[in-house]
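Presented below is the structure to which this report refers.
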């Protein structure tokens with residue numbers, strides 16, 4: 067293999083490793099965000115203990131079912147309305163944004179290094 071071909075192959079592998087790392091980070095941060103948001107919603111609903119934990123897991127699973135946040139927001143809004151809680155979409159989006167900031171911060175603290183040997187560039 068020539069030096070040029072080797073360099074191209076190494077660059078390709080580096081881009082693939084970076085993409086894999088970025089996607090893994092995004093997935094983990096989004097899952098944390100959804101769990102934190104689900105916990106916040108559970109508090110709004112007056113849930114505690116195992117019920118609150120189960121609701122947070124449900125929120126995480128909802129986000130995996132469809133792309134985007136619409137299904138998560140719609141379900142949460144319906145649950146809050148069913149419980150007689152009047153929470154605006156702006157409040158929900160603000161809580162989701164706060165959960166994202168918390169998730170990003172905790173992820174950076176928990177994983178300051180690459181997540182595995184196959185992620186090195």
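Residue numbers (my numbering): 67 to 187. Heads up, the beta-carbon is just placed ideally off N, CA and C, and yes, glycines get one too. These numbers were taken from a predicted model, which means no experiment stands behind them.
Annotated three-state conformation of residue 150 is coil, per DSSP. Taking residue 94 as the centre and dropping the five residues before and after it, the same chain places the C-beta of 173 closer than 7 angstroms to its C-beta, in chain order. Straight across, the Cα-Cα distance linking residue 160 with residue 80 is about 36 angstroms. Two segments are said to touch when three or more pairs of C-beta atoms, one from each, lie closer than 8 angstroms; by this definition the region 163–171 touches the region 99–106.
Counting C-beta atoms within 10 angstroms of its own C-beta, residue 130 has fewer than 16 neighbours from the protein chains shown and is therefore classed as exposed. Only exposed fits residue 72, as fewer than 16 other CB atoms lie within 10 angstroms of its CB.
For residue 85, the enclosing alpha helix (DSSP H) begins and ends at 69–110. In terms of Cβ geometry, residue 158 and residue 139 form a close pair [threshold 8 angstroms].
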